[in-house]
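Here's the structure, in structure tokens; my notes come after.
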Amino acid sequence: MKRTHLQTLSLRDRRRKLVNIFMQVLLFLAAVLAIFPLLNVFLYVFKQGAPSLNASFFTHLPAAVGEAGGGMANALLGSLTLIFLASAVGVPIGIATGVYLSEYNYGKLPRFLRFTTDLMTSVPSIIVGMFVYAVVVIPMHGFSAYAGGIALAIIMAPFVARTTEEMLKLVPDHIREAGLALGISRWKVIVRIVLKGSLGGVLTGVMLAVARVSGETAPLLFTAFNNKYWARGLNQPTASLPVQIYTYAISPYEDWHHQAWAGALMLVVLVFVLNVFVRLIFVRKGTSV
Numbered sequence: 003m004k005r006t007h008l009q010t011l012s013l014r015d016r017r018r019k020l021v022n023i024f025m026q027v028l029l030f031l032a033a034v035l036a037i038f039p040l041l042n043v044f045l046y047v048f049k050q051g052a053p054s055l056n057a058s059f060f061t062h063l064p065a066a067v068g069e070a071g072g073g074m075a076n077a078l079l080g081s082l083t084l085i086f087l088a089s090a091v092g093v094p095i096g097i098a099t100g101v102y103l104s105e106y107n108y109g110k111l112p113r114f115l116r117f118t119t120d121l122m123t124s125v126p127s128i129i130v131g132m133f134v135y136a137v138v139v140i141p142m143h144g145f146s147a148y149a150g151g152i153a154l155a156i157i158m159a160p161f162v163a164r165t166t167e168e169m170l171k172l173v174p175d176h177i178r179e180a181g182l183a184l185g186i187s188r189w190k191v192i193v194r195i196v197l198k199g200s201l202g203g204v205l206t207g208v209m210l211a212v213a214r215v216s217g218e219t220a221p222l223l224f225t226a227f228n229n230k231y232w233a234r235g236l237n238q239p240t241a242s243l244p245v246q247i248y249t250y251a252i253s254p255y256e257d258w259h260h261q262a263w264a265g266a267l268m269l270v271v272l273v274f275v276l277n278v279f280v281r282l283i284f285v286r287k288g289t290s291v
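In this note's numbering, the protein residues as written are 3 to 291.
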């Protein structure tokens with residue numbers, strides 16, 4: 003007996019629904035598999051570091067060698083300072099580069115710039131630290147927060163540039179053409195329409211870049227170095243969480259090992275808080291991040 007047209011459509015609908023449910027289950031399992039290692043790492047760091055978190059950790063300077071107690075107050079402030087300096091330099095340069103690569107994508111210069119940006123994203127961070135040591139630290143005759151911020155900015159800028167370029171490419175060309183057709187100058191179309199419409203994705207890329215440089219240790223050893231005390235200025239050696247964690251982790255003292263885990267936990271929390279803070283700001287403004 004031949005199937006009617008309505009029966010055939012009904013079978014196709016059921017098949018599509020089953021395939022849709024199957025794919026949703028696969029996507030859910032893939033998400034769980036992706037989140038599980040991250041959650042496992044966070045819980046392990048929390049288990050190891052939480053017992054060492056106390057008021058002294060946030061208010062005291064590191065203890066003398068071999069002594070118990072002390073804190074990482076100077077390293078916490080130093081990391082925030084270095085991230086701020088790196089963002090102040092790297093984010094504007096990265097966004098401007100990404101806009102140029104997306105909106106002026108013709109000629110040899112954009113191709114060369116894109117190749118250079120891709121190359122910079124793969125350069126080991128220790129090479130960046132050695133470069134900044136040669137061109138900044140040696141001429142300044144000392145380690146400083148300035149040198150550390152420049153090193154982190156060099157690492158950050160290519161990531162911001164590539165993310166910005168890809169986000170702007172998602173904006174349809176007819177939106178740009180509509181703005182130009184209304185007589186709006188090209189730079190205003192880019193800034194007020196294209197960039198503003200992609201602001202959520204661009205900010206996500208910026209936060210990923212901040213997370214990328216927040217845990218860098220090697221370039222800071224060559225630039226900001228470290229400091230057991232409060233830095234008197236940005237031209238002085240500056241403590242940072244990654245370097246302090248490294249110093250404590252390789253030490254033979256058990257108490258310093260516990261503080262290293264606490265510092266690692268604070269580094270994770272710092273990146274998490276920065277991400278949540280930016281997302282809350284733009285959600286309130288109606289921008290998806």
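Quick reminder that beta carbons are idealized off the backbone N, C-alpha and C, glycines included.
If I'm right that threonine 240 touches glycine 150 with Cβ under 8 Å, what's the distance once you round it to whole angstroms? 6 Å
Cβ neighbour criterion (16 or more within 10 Å) applied to leucine 111: exposed
Following the continuous alpha helix (DSSP H) through glutamate 179, name the residue where it begins and the one where it ends. 175 to 183
Measuring CA to CA, which of Leu282, Phe274, Val280, Ala262 is closest to leucine 55? Ala262
Quick check: what's the CA-CA separation for valine 271 versus phenylalanine 60? 14 Å
Alpha helix (DSSP H) segment containing alanine 153, residue limits: 147 to 171
Looking only at its chain, what residues have a beta carbon closer than 8 Å to the beta carbon of leucine 172, apart from the 5 residues adjacent to it on each side? Residues Ser200, Gly203 of the same chain have their beta carbon placed closer than 8 Å to that of leucine 172, with the five preceding and five following residues left out of the count.
Of the choices Ala88, Thr249, Leu103, whose alpha-carbon is the least far from that of alanine 213? Ala88
Between the stretch 140 to 154 and the stretch 84 to 102, do three or more beta carbon pairs fall short of 8 Å? Contact between the stretch 140 to 154 and the stretch 84 to 102 is present: 3 or more CB-CB pairs across the two stretches fall below 8 Å.
Proline 221 and valine 134: beta carbons closer than 8 Å? yes
Considering proline 221, what are the terminal residues of the alpha helix (DSSP H) in which it resides? Start and end: 220 to 224.
Backbone CA spacing between alanine 98 and arginine 281 [nearest angstrom]: 22 Å
For proline 64, the residue or residues it bridges with in DSSP: Bridge partners of proline 64: Gly72.
Thinking C-beta only, is threonine 166 closer than 8 Å to valine 101? yes
Under the three-state DSSP convention, the category isoleucine 252 falls into: coil
Tell me the rounded alpha-carbon separation between isoleucine 140 and asparagine 228. 16 Å
Measure the alpha-carbon distance for arginine 113 versus alanine 180 and round it to whole angstroms. Each residue's alpha carbon lies about 27 Å from the other.
Count the other CB atoms within 10 Å of the CB of tryptophan 258; is the residue buried (16 or more) or exposed (fewer)? buried
Measuring straight from C-alpha to C-alpha, what distance separates tryptophan 189 and aspartate 175? 15 Å
Assuming alanine 163 contacts glycine 71 (C-beta within less than 8 Å), just tell me the rounded distance between them. Actually they do not touch by this definition, with Cβ atoms about 44 Å apart.
Output the distance between the C-alpha atoms of arginine 178 and valine 196, rounded to the nearest integer angstrom. The alpha-carbon atoms of arginine 178 and valine 196 are separated by roughly 7 Å.
Tell me which residues share the same chain as lysine 4 and place their Cβ nearer than 6 Å to its Cβ, disregarding the 5 neighbours each side in the sequence. Annotation note: pLDDT 48 at lysine 4 (below 50); position unreliable, no value reported.
Do you know offhand how far alanine 300's Cα is from serine 146's? This structure gives no information on residue 300, because the portion of the chain shown stretches from 3 to 291.
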